[in-house]
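Under the working numbering, think of the first position of the sequence shown as 5, with each following residue one higher.
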Amino acid sequence: MNPIHTHSALKLARRLRRLRASENIRAMVRETRLAPEMFMLPLFVCEGQGVRREVPSMPGVCNLSVDEAVKEVEHAKADGVSSVILFGLPDQKDDIGSSAYDPEAPVQSAVRAIKRAVPDVVVATDVCLCEYTDHGHCGIVIDNEISNDPTVEQLVRAAVSHAAAGADIVAPSDMMDGRVGAIRSALDERGFERTAIMAYAAKYCSAFYGPFRDAAASAPAFGDRRSHQMDPANAAEALREVEQDIAEGADIVMVKPAVTYLDVITRVKQTFNYPTAAYHVSGEYAMLKAAARNGWIDERRAMIETLTAIHRAGADIILTYYAREAARALA
Ligand code: PBG
Numbered sequence: 005m006n007p008i009h010t011h012s013a014l015k016l017a018r019r020l021r022r023l024r025a026s027e028n029i030r031a032m033v034r035e036t037r038l039a040p041e042m043f044m045l046p047l048f049v050c051e052g053q054g055v056r057r058e059v060p061s062m063p064g065v066c067n068l069s070v071d072e073a074v075k076e077v078e079h080a081k082a083d084g085v086s087s088v089i090l091f092g093l094p095d096q097k098d099d100i101g102s103s104a105y106d107p108e109a110p111v112q113s114a115v116r117a118i119k120r121a122v123p124d125v126v127v128a129t130d131v132c133l134c135e136y137t138d139h140g141h142c143g144i145v146i147d148n149e150i151s152n153d154p155t156v157e158q159l160v161r162a163a164v165s166h167a168a169a170g171a172d173i174v175a176p177s178d179m180m181d182g183r184v185g186a187i188r189s190a191l192d193e194r195g196f197e198r199t200a201i202m203a204y205a206a207k208y209c210s211a212f213y214g215p216f217r218d219a220a221a222s223a224p225a226f227g228d229r230r231s232h233q234m235d236p237a238n239a240a241e242a243l244r245e246v247e248q249d250i251a252e253g254a255d256i257v258m259v260k261p262a263v264t265y266l267d268v269i270t271r272v273k274q275t276f277n278y279p280t281a282a283y284h285v286s287g288e289y290a291m292l293k294a295a296a297r298n299g300w301i302d303e304r305r306a307m308i309e310t311l312t313a314i315h316r317a318g319a320d321i322i323l324t325y326y327a328r329e330a331a332r333a334l335a
């Protein structure tokens, strides 16, 4: 006989399971809470009218013409999402990415249309040349190298044109040195001192951007992005990148990708205690979608667990293709 003791046999001062006994008690001691205002929804804006083209590797994510982008923002707002970040898919590309600062290009047109239709939604714009160059690189290529300072001049033109269209936030994602300071002073000189800068400060050279490059047709035609994006092995260097961008005038600093760099998010938040964003990137989204479609994971739980982890690590803002689904799940 193996008697089961109904009274306490163990003398335990602490039993951590007490606070896990019911949903109400768990909710009472919960340390991390997601809220829809922290989600920023990325949108890919293309030319044309009535265009809504799903990206094969990103179920639920579409290339949208300006009119459809406005509808998407209205729906996102109804779900509780209050900020978006725009990427452009121009028809015209050249070797210096000049459509990045065309006032009639998709991003600039979408900013104006969105601010007109839903003025209280925060509109950020991605500032980079990779979607605008025919070679798919993030900058001007001279002698097979991405030349830093001429690229910064182009980025400044793009950022100013986004601000002129009415963007609330410009977000340089190129990883050139000195671009935040150059953009800040150009914005200020032209009277856009209220336009904020969200710097992709610690952006790693990651395999998880694959589906985005399908969505934005921005894969480099030759070579890779290792000469400007960070080596995934480095964390101390991320703090130097963030420190530099703050010194140059960044209002928000970003770590990207998110899940494989949770330690970096934590260190950035703890070191600088600055508004910190994390980008849950296309490959991270695609992995969850693929597993869910195969019936291998419970998508809703996996989504909330992932976003909770990013927030728990220290991110105040989460850029995610799940923004609308997650906002609805929290409602
Ligand atoms: C560059 C940019 C990229 C992403 C955001 N901005 C692609 C890259 O660096 O190659 C990736 C976002 C994602 O994968 O979801 N404009």
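By construction, the Cβ of each residue, glycine as well, lies at the ideal position given by its N, Cα and C atoms. Note that this is a predicted model, so its numbers are computed, not measured.
Any chance the CB of G287 is under 7 Å from a heavy atom of the ligand PBG?
Correct: G287 has its Cβ closer than 7 Å to the ligand PBG.
Quick one: does the C-beta of E135 sit closer than 7 Å to a heavy atom of the ligand PBG?
E135: yes, Cβ under 7 Å from the ligand PBG.
Please classify E135: does DSSP put it in a helix, a strand, or coil?
The three-state secondary structure of E135, taken from DSSP, is coil.
Tell me which residue opens and which closes the alpha helix (DSSP H) that V70 is part of.
Per DSSP, the continuous alpha helix (DSSP H) segment holding V70 begins and ends at 70-83.
Looking at the secondary structure, which residues open and close the alpha helix (DSSP H) in which I29 lies?
Segment 27-32, the alpha helix (DSSP H) holding I29.
Does the ligand PBG have a heavy atom nearer than 7 Å to the CB of S222?
At least one heavy atom of the ligand PBG is nearer than 7 Å to the Cβ of S222, so yes.
Bounding residues of the alpha helix (DSSP H) (the contiguous stretch that carries I187)
Under the DSSP assignment, I187 falls in the alpha helix (DSSP H) whose first and last residues are 183-193.
The region 79-88 touching the region 121-134, judged by at least three CB pairs closer than 8 Å:
With the rule of 3 Cβ pairs closer than 8 Å, the region 79-88 counts as touching the region 121-134.
Kindly indicate which residue of S113, Y265, E41, E108 has the alpha-carbon position closest to the one of V74.
When C-alpha distances from V74 are compared across S113, Y265, E41, E108, the shortest belongs to S113.
Say whether the region 322-333 touches the region 40-52, bearing in mind that this needs 3 or more beta-carbon pairs closer than 8 Å, one atom from each stretch.
Touching, yes.
For D130, the nearest candidate out of K260, I150, Y204, D147 (CA to CA):
When C-alpha distances from D130 are compared across K260, I150, Y204, D147, the shortest belongs to Y204.
Pick from P60, A82, P63, V184: whose alpha carbon is nearest that of C132?
When each option's Cα is compared against that of C132, the closest is V184.
Over what stretch of residues does the alpha helix (DSSP H) that includes A114 continue unbroken?
Segment 110-121, the alpha helix (DSSP H) holding A114.
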